[in-house]
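Chemist: So that we are looking at the same thing, I have put the structure below in structure tokens.
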Amino acid sequence: MFGKQAKKCCMPYRQLNKVESSKQASRRLRVVDGNLDSNRLTRMDHNTKKWLEKIAPTDIRFNEPMSKHTSFRIGGPAEAFVTPRNVSTLRTLIQGCRQRQIPWLIVGSGTNLLVKDAGISGLVICLAGCLNQIEQIGVNGHQVLVTAMAGVQTKTLCAYAIANGLKGMNFALGIYGTIGGATMMNAGTRHGCVADVLDSIQLLTPADEIVQFNRDQLRFGYRKLFWPQARGDQAEAPPVILASTFRFDIDDTKTLRKQARAIIKARKRTQPLGMPSAGCIFKNPVDGPSAGELIDRAGLKGKRIGGAEISTKHANFIVNRHNAAAADILELIKLVQQTLKSKNGIELEPEVKIVGT
Ligand SMILES: Cc1cc2nc3c(=O)[nH]c(=O)nc-3n(C[C@H](O)[C@H](O)[C@H](O)COP(=O)(O)OP(=O)(O)OC[C@H]3O[C@@H](n4cnc5c(N)ncnc54)[C@H](O)[C@@H]3O)c2cc1C
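Structural data, given as structure tokens:
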């Protein structure tokens with residue numbers, strides 16, 4: 022049954038002809054964490070803009086406020102912003118940027134992003150709203166393999182798993198954003214994380230190769246995917262996750278639904294979901310109290326700078342109370358870091374990705 026479905030519903034990445042072996046690819050890739058090249062200043066010339074308009078006539082926007090594309094509702098303009106309709110357009114855009122030396126940044130739903138007030142130079146490529154198929158690709162023993170393309174909303178895959186009696190995604194209930202973002206961030210909760218259920222990923226390298234890595238070839242950290250180690254050579258930007266394949270056990274939909282209701286209820290009780298935020302702002306220390314507990318104990322709950330506030334409901338959330346600037350959030354981040362360093366000797370590391378200038 023699954024084999025038939027797989028044939029019928031071909032994923033775009035399968036239509037692409039140049040698939041490099043993961044061994045070859047791992048020689049080329051290096052460990053990167055976000056496309057920091059996006060911080061480089063450029064100014065797009067007329068020809069570049071014309072080229073972008075030609076490639077994605079209805080999907081390209083210039084000087085696009087990133088506040089429209091982040092859950093913080095904060096962020097200066099992207100010089101250019103595009104939602105490519107398919108993998109082929111994505112490839113053309115990246116190769117064109119490479120040739121023209123235009124920095125690019127891949128984003129999903131912007132739910133883990135803080136974009137600085139001066140905005141982002143170059144091209145922001147947004148995969149939320151495109152590349153959004155889900156497909157059951159096979160069965161392996163008692164487990165079902167499901168591939169979700171990078172633009173699928175994590176909550177959509179959670180709902181899909183429950184509806185199909187597949188166990189394993191409930192940990193992600195209440196995590197916002199796309200599967201690409203969730204895989205990149207190894208998103209998780211106390212119930213589990215992406216790495217627990219991931220079978221393989223398909224990615225597009227900056228050199229325009231589509232490669233697949235299996236679970237045992239990947240290394241995950243806390244809210245982090247390490248790209249397969251390379252020998253420090255060619256790759257000038259991180260690869261793009263095109264799709265992630267998950268391995269689920271079979272379970273009863275009713276049981277999964279009951280569990281889901283309890284998880285969502287608990288999140289609503291403990292998190293400030295009615296206000297713009299990017300979820301937890303800091304990673305939890307490896308051991309000892311959580312970042313939220315430490316910030317709370319330091320008496321910083323409710324602390325405000327400009328329009329930003331350390332949530333009174335959950336101290337590891339910074340919320341945009343009223344027209345906060347990225348600078349307000351950054352100031353609060355600094356305040357928390359300095360306070361905890363001097364009080365407890367603990368250095369908190371941001372979980373949120375800070376991009377732009
Ligand atoms: C209210 C709230 C609650 C949250 N709760 C949780 C939680 O419990 N657990 C948790 O882990 N997170 C949580 N988050 C954070 C966030 O939802 C997750 O990190 C999410 O997985 C990010 O997905 P995204 O599509 O929004 O990624 P983005 O924020 O758009 O991007 C995140 C990073 O991934 C990169 N990226 C995105 N897509 C791709 C791709 N296809 N290929 C390569 N790189 C890519 C971006 O460049 C960036 O570095 C929460 C956020 C909010 C707003």
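Following this note's numbering, the numbering of the sequence shown begins with 22 at its first residue and continues without gaps.
Yeah, the Cβ is synthetic: ideal placement off N, Cα and C, and Gly gets one too.
Bear in mind the structure is a predicted one, so any value in this text is a computation, not a measurement.
Apart from the five residues just before and just after G150, which ones in its own chain have a Cβ nearer than 7 Å to its Cβ?
Modeler: Your numbering for residue 150 matches position 129 in the sequence shown. Result list for G150: T104, G172, in chain order.
Chemist: Helix, strand or coil for N161 per DSSP?
Modeler: On the sequence shown, position 140 is the one that residue 161 refers to. If DSSP states are grouped into helix, strand and coil, N161 belongs with the strands.
Chemist: What would DSSP say about T177, mapped onto helix, strand or coil?
Modeler: Your numbering for residue 177 matches position 156 in the sequence shown. Looking at T177 - three-state DSSP - the assignment turns out to be helix.
Chemist: Under 6 Å from any heavy atom of ligand 1, does the C-beta of A182 make it?
Modeler: Here the question's residue 182 lines up with position 161 in the sequence shown. Annotation for A182 indicates a beta carbon at 6 Å or more from all heavy atoms of ligand 1.
Chemist: So, under 8 Å CB-CB, L187 and I155 are touching, yes? Tell me the CB distance rounded to an integer number of Å.
Modeler: Along the sequence shown, one-based indexing puts residue 187 at 166. Along the sequence shown, one-based indexing puts residue 155 at 134. With a Cβ gap of about 11 Å, L187 and I155 do not count as contacting.
Chemist: Please report the residue range of the alpha helix (DSSP H) in which C118 lies.
Modeler: The residue you call residue 118 lines up with position 97 of the sequence shown. Counting along the chain, the alpha helix (DSSP H) containing C118 begins and ends at 108-121.
Chemist: Under the three-state reduction of DSSP, which class applies to V218: helix, strand or coil?
Modeler: Reading the sequence shown from its first residue, position 197 is the one you call residue 218. V218 falls in the helix class under three-state DSSP.
Chemist: How is K188 classed by DSSP in three states: helix, strand or coil?
Modeler: Reading the sequence shown from its first residue, position 167 is the one you call residue 188. K188: strand per DSSP, three-state reduction.
Chemist: Does I375 get closer than 7 Å to chain B when you measure Cβ to Cβ?
Modeler: No chain B appears in this structure, which consists of one protein chain only.
Chemist: Could you tell me the distance, in whole angstroms, from the CA atom of M190 to the CA atom of N207?
Modeler: Residue mapping note: residue 190 aligns to position 169 of the sequence shown, counting from 1. Residue mapping note: residue 207 aligns to position 186 of the sequence shown, counting from 1. C-alpha separation (whole angstroms): 13 Å.
Chemist: In the DSSP assignment, find the beta strand (DSSP E) that holds E314 and state where it starts and stops.
Modeler: Within the sequence shown, the letter at position 293 stands for residue 314. Segment 312-318 is the alpha helix (DSSP H) holding E314; no beta strand (DSSP E) there.
Chemist: Taking 6 Å as the cut-off, is the C-beta of M206 nearer than that to any heavy atom in ligand 1?
Modeler: Along the sequence shown, read from residue 1 onward, the residue named residue 206 stands at position 185. Relative to ligand 1, the beta carbon of M206 is positioned inside 6 Å of a heavy atom.
Chemist: Does DSSP put K70 in a helix, in a strand, or in coil?
Modeler: Start at 1 with the first residue of the sequence shown, and residue 70 comes out as number 49. K70: helix per DSSP, three-state reduction.
Chemist: Identify the continuous beta strand (DSSP E) that holds N235 and give its terminal residues.
Modeler: Sequence index remark: in the sequence shown, residue 235 carries index 214 (1-based). Per DSSP, N235 belongs to the beta strand (DSSP E) from 231-235.
Chemist: Is the CB-CB distance between L263 and Q223 below 7 Å?
Modeler: Your numbering for residue 263 matches position 242 in the sequence shown. Your numbering for residue 223 matches position 202 in the sequence shown. Yes, these two residues count as a Cβ contact at 7 Å.
Chemist: Could you tell me how far apart the beta carbons of V218 and T204 are, in whole angstroms, since I believe they sit closer than 8 Å?
Modeler: Stepping through the sequence shown from its first residue, residue 218 is reached at position 197. Stepping through the sequence shown from its first residue, residue 204 is reached at position 183. Between T204 and V218 the Cβ distance is about 11 Å, and since that is not below 8 Å, they are no contact.
Chemist: Just to confirm before moving on: does the CB-CB distance between F338 and S298 stay below 7 Å?
Modeler: Locating residue 338 in the sequence shown gives position 317, counting from the first residue. Locating residue 298 in the sequence shown gives position 277, counting from the first residue. Against a cut-off of 7 Å, the Cβ pair of S298 and F338 comes out as a contact.
Chemist: Under a three-way DSSP split, which group does L50 fall into?
Modeler: The residue given as residue 50 occupies position 29 in the sequence shown. Note that L50 scores 33 on pLDDT, short of 50, meaning its location in the model is unreliable and no value can be drawn from it.
Chemist: Measuring alpha carbon to alpha carbon, tell me which residue in P98, V108, A99, Q116 is nearest W72.
Modeler: Within the sequence shown, residue 72 is the residue found at index 51, counting from 1. Measuring from the Cα of W72, the nearest candidate turns out to be Q116.
Chemist: If you follow the beta strand (DSSP E) that D270 is in, where does it begin and where does it stop?
Modeler: Counting from 1 along the sequence shown, the entry for residue 270 is found at position 249. For D270, the uninterrupted beta strand (DSSP E) run begins and ends at 261-271, by DSSP.
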